[in-house]
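Peer 1: Protein chains in written order, with the working numbering: chain A, 1 to 335; chain B, 1001 to 1335.
Number of protein chains: 2
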Amino acid sequence: MKKLLLAAAALLAAMPSLAEDKPVPSPGEIVAAAPKGDWVAIPASDLLVMDLAPDTKGKPRRVVIQLMPPPFSQGWIGNIRLLAAAHWWDGTAVNRVQDNYVVQWGDPNADDKAKAKALPAGLEVMSESQYATKMTLETSRALDDPITSAHFFCPHGTSTEERNACREVILKTRGRRDPYNDLNGFYRGFPFAFSTATNAWPIHCYGMVGVGRDLSPNTGSGAELYVVIGHAPRHLDRNIALVGRVIEGVEHLSSLPRGTGGLGFYETPKERTKIRSIRLGAEVKGLPTYEYLSTESQSFAAYADARANRRDAFFIRPAGGADICNIPVPVRRVK
Amino acid sequence: MKKLLLAAAALLAAMPSLAEDKPVPSPGEIVAAAPKGDWVAIPASDLLVMDLAPDTKGKPRRVVIQLMPPPFSQGWIGNIRLLAAAHWWDGTAVNRVQDNYVVQWGDPNADDKAKAKALPAGLEVMSESQYATKMTLETSRALDDPITSAHFFCPHGTSTEERNACREVILKTRGRRDPYNDLNGFYRGFPFAFSTATNAWPIHCYGMVGVGRDLSPNTGSGAELYVVIGHAPRHLDRNIALVGRVIEGVEHLSSLPRGTGGLGFYETPKERTKIRSIRLGAEVKGLPTYEYLSTESQSFAAYADARANRRDAFFIRPAGGADICNIPVPVRRVK
């Protein structure tokens, strides 16, 4: 934790507007002051753009999703790319809104063989064992962006000793430990749980996008997707595949009327919200560039520390820790 | 944790419909099977009933709040009782809806001295030190419902040894430990964080109701209230007074359009949702009786265990733990 504080201190020293007697910067102010090099552009090919039917006042409702980076959930993501390229979701609908849980969309007739929309050819069938992708830290150099202890908010370091020391610090400070896992962190802008040195799995935080499925061994194709709109339902981790996160427009989903049927399904077709189109970002004209604050940057470390220890004027008593889902990864549009 | 499992096993044995070869009951099924004696009636005098203006289709929108039990936040709750009795909120509005955070209501002109609605006489001014109410476990017998280790999901026991043993079990199982605190539990149906043996404070879970305030030393009167509608903002714990929780109708707040101004405030008056009335339950005709599942009951222990370890058919891999805010306290209407 000492290093985190140092990182924050270094950042403060670098910002002339924040002299010693000025208020301590809020997490938002730290993000606003982050240097350009700490931001990572998201390729348009990794974006999924959903346009709902306009609202009752005719205002457009666009939701932008960033797909998860390799090596996670790539089979489902491949299916999603196929479905989007085939314009398969056009004319489907949001069928389920369950309060403090999820918004879910897809073919409303999926369970009715006579009416169900045919899926495009070439979709991959995924297996249960792929819910938690193995990601061996010891061989992480094989990835083009190697996993290091930096992903745990620790000083950069790649030796076993450094990683172990880092882990010790985290366990002592309780900073990233929670009832679900001992070691949590971020990888390429996404929240992950890391198990004892050999596995990682994505976390169901607010705004994360997952793959609806029937009872096991069904794993879902990716044609039915949901977004978390409540307190992180972490019991779904490793039980359902996560494929991305909403980076803009989640309010168009979270503010939809709740369904009054079981599990929040709408009871009548007219209650559903129509989906006008879902496209891969590369196919959408005039889409702005989005960037996320590198979760391996010093700015992010300072931001995460400030989220865990609010020292800005409103706060009387800093919490001394933060839930991984209470450290949302900052995203911005590039002007 | 062994005792929890035993409690669950005992419950199973007591339910003839759930023989050994039947699926393991879900948390909802455990709640449905809870005996009548495990439910606690909430006095109408502890309810706050908010009627919003009907929605665009003319449907009524009622939100029912249970006020927090003594000894917590009683000064603010006293103010709230005064404000409700004076019908002070009638004609005020929901002024702020911030996605994944809070819905807030009160006098929209509160910050404009010329237009602000006068507060009723007799409101108490609370101090910062009252945010976290001291609740000494050693003297807890003074309360009419003594605090025992049962509040930590442990076998009943009141000696220091029993409490220490209980705490050990919790720490080992990680069950109630989180980045914010080592020991969390429930007291009279509300989620609480317990510090090392002498203090407790309420937790900002989804649906909890808190008191809006300006910068410290202002502590808020209770005239401006908010409800959590996103991932638990635990950094607010001990910084803002919590006074209750929504037990019915939270969807009428969580599905409101998000405000587009700073902090989710609406930018124009017409965007606000009018509050028709807020009354203490005792003043509302025809109000049903509400009961919550006693958080000291064996049914609740089995339910909490099932939430932490989903073994029902949908789940492949139980989580092995649960965030305190992922164990919402069940509430029902009595027929």
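Every residue, glycine too, gets a C-beta built ideally from N, C-alpha and C.
Quick caveat, the model's predicted, so the values are computed rather than measured.
Apart from the five residues on each side of it in sequence, which residues of its chain come closer than 7 Å, Cβ to Cβ, to A:Glu128?
Peer 2: For A:Glu128, where only same-chain residues beyond five positions count, the Cβ hits under 7 Å are Ser216, Pro217, Thr219.
Peer 1: What number of angstroms, rounded off, separates the C-alpha of A:Cys205 from the C-alpha of B:Asp1305?
Peer 2: Going by the C-alpha atoms only, they are around 22 Å apart.
Peer 1: In chain B, which residues lie less than 7 Å from A:Val250 when you measure between Cβ atoms?
Peer 2: Correct list: Asp1099.
Peer 1: How is A:Leu119 classed by DSSP in three states: helix, strand or coil?
Peer 2: Three-state DSSP puts A:Leu119 in coil, outside helix and strand.
Peer 1: Can you pull the chain A neighbours of B:Leu1256, defined as C-beta to C-beta under 7 Å?
Peer 2: Those are Ser255, listed as they occur along chain A.
Peer 1: Please report the distance separating the alpha-carbon of A:Pro54 from that of A:His252.
Peer 2: Roughly 10 Å between the two C-alpha positions.
Peer 1: Thinking C-beta only, is A:Arg188 closer than 8 Å to A:Pro69?
Peer 2: In this structure, A:Arg188 lies closer than 8 Å to A:Pro69 by Cβ.
Peer 1: Give a yes or no on whether the minimum CB-CB distance between B:Ser1216 and chain A is below 8 Å.
Peer 2: Output row for B:Ser1216: interface = yes.
Peer 1: Any idea what DSSP makes of B:Gly1277, helix, strand or coil?
Peer 2: At residue 1277 of chain B the sequence reads Ser, which differs from the Gly that was named. Note: B:Ser1277 maps to strand in three-state DSSP.
Peer 1: Taking the beta carbon of A:Thr268 as the centre, do at least 16 other beta carbons fall within 10 Å, making it buried, or is it exposed?
Peer 2: A:Thr268 comes out exposed.
Peer 1: Between the alpha carbons of B:Leu1256 and B:Arg1332, how many angstroms are there, rounded?
Peer 2: Distance between the alpha carbons of B:Leu1256 and B:Arg1332: 24 Å.
Peer 1: Considering only the beta carbon of each residue, do A:Ile275 and A:Trp105 sit closer than 8 Å?
Peer 2: Cβ atoms of A:Ile275 and A:Trp105: closer than 8 Å.
Peer 1: Chain A partners of B:Ala1313, CB-CB under 7 Å?
Peer 2: Result: Leu215.
Peer 1: Counting only Cβ pairs nearer than 7 Å, list the residues of chain A close to B:Asn1239.
Peer 2: Those are Phe315, Ile316, Arg317, listed as they occur along chain A.
Peer 1: Does B:Leu1048 pass the burial test, meaning 16 or more other C-beta atoms within 10 Å, or should it be called exposed?
Peer 2: Looking at its Cβ environment, which holds 16 or more other Cβ atoms inside 10 Å, B:Leu1048 is buried.
Peer 1: Going by beta carbon distance, what residues of the same chain come within less than 7 Å of B:Gly1075, once the five residues before and after it are set aside?
Peer 2: Answer for B:Gly1075: Glu1124, Met1126, Gln1130, listed in chain order.
Peer 1: Run through DSSP, which three-state label would B:Trp1105 get?
Peer 2: Of the three classes helix, strand and coil, the one that applies to B:Trp1105 here is strand, per DSSP.
Peer 1: Work out the CA separation of A:Ile80 and A:Gly122 for me, nearest whole Å.
Peer 2: When rounded, the distance between both Cα atoms is 11 Å.
Peer 1: Within the 8 Å Cβ cut-off, does B:His1231 reach chain A?
Peer 2: Judged by the 8 Å Cβ criterion, B:His1231 is in contact with chain A.
Peer 1: Can you pull the chain B neighbours of A:Arg272, defined as C-beta to C-beta under 9 Å?
Peer 2: Here the premise fails: no neighbours, minimum Cβ distance about 15 Å.
Peer 1: Going by other Cβ atoms of all chains shown within 10 Å of its Cβ, with 16 needed for buried, is A:Ala232 buried or exposed?
Peer 2: Classification of A:Ala232: buried, given that the 10 Å Cβ count is 16 or more.
Peer 1: With C-beta atoms as the reference, is A:Asp99 less than 8 Å away from B:Ser1254?
Peer 2: Contact flag set, yes.
Peer 1: To which residues of the same chain is A:Gly230 closer than 6 Å at the C-beta, ignoring the five residues directly before and after it?
Peer 2: Correct list, in chain order: Asn100, Tyr101.
Peer 1: Among A:Val250, A:Val334, A:Ala85, A:Gln66, which residue has its Cα nearest to the Cα of A:Val243?
Peer 2: Ranking the options by Cα distance to A:Val243, first place goes to A:Gln66.
Peer 1: List, in chain order, every chain B residue whose beta-carbon is nearer than 8 Å to that of A:Tyr206.
Peer 2: Here the neighbours are Asn1100, Gly1230, His1231.
Peer 1: Would you list the one or two residues that DSSP bridges to B:Glu1296?
Peer 2: DSSP, once it has assigned bridges, lists no residue as partnering B:Glu1296.
Peer 1: Assign B:Ala1034 to buried or exposed, taking buried as 16 or more other Cβ atoms, counted over all protein chains shown, within 10 Å of its Cβ.
Peer 2: By the neighbour-count rule (16 or more Cβ atoms within 10 Å), B:Ala1034 is buried.
Peer 1: Within 10 angstroms of the Cβ of B:Val1063, are there 16 or more other Cβ atoms? Answer buried if so, exposed if not.
Peer 2: When all chains shown are included, B:Val1063 counts as buried.
Peer 1: Leaving out the 5 sequence neighbours to the left and right, which residues in its chain are closer than 7 Å to A:Arg272 when beta-carbon positions are compared?
Peer 2: The answer, listed in chain order, is Ala93, Val94, Asn95, Pro108, Tyr266.
Peer 1: Does the ligand ZN have even one heavy atom less than 7 Å from the beta-carbon of A:Asp312?
Peer 2: In terms of ligand content, the structure shown is empty, and the ligand ZN therefore cannot be addressed.
Peer 1: If you compare alpha carbons, which of A:Lys117, A:Leu52, A:Gly58 is closest to A:Leu83?
Peer 2: It is A:Lys117 whose Cα lies nearest to the Cα of A:Leu83.
Peer 1: In the DSSP assignment, find the unbroken alpha helix (DSSP H) run with B:Ala1084 in it and report its ends.
Peer 2: Per DSSP, B:Ala1084 belongs to the alpha helix (DSSP H) from 1074-1085.
Peer 1: If we define contact as Cβ-Cβ less than 8 Å, is A:Tyr180 a contact residue for chain B?
Peer 2: Yes, because at least one Cβ of chain B sits closer than 8 Å to the Cβ of A:Tyr180.
Peer 1: Give a yes or no on whether the minimum CB-CB distance between A:Lys172 and chain B is below 8 Å.
Peer 2: The pLDDT assigned to A:Lys172 is 43, lower than 50, so where the model puts this residue is not dependable; a value taken from the coordinates is nonetheless given after this. For A:Lys172, the answer is no, since every Cβ of chain B falls outside 8 Å of its Cβ.
Peer 1: Please decide whether A:His87 counts as near chain B, where near means a Cβ-Cβ distance under 8 Å.
Peer 2: Not closer than 8 Å to any Cβ of chain B, the Cβ of A:His87 fails to qualify, so no.
Peer 1: Within 10 angstroms of its Cβ, does B:Leu1183 collect 16 or more other Cβ (buried), or is it exposed?
Peer 2: Looking at its Cβ environment, which holds 16 or more other Cβ atoms inside 10 Å, B:Leu1183 is buried.
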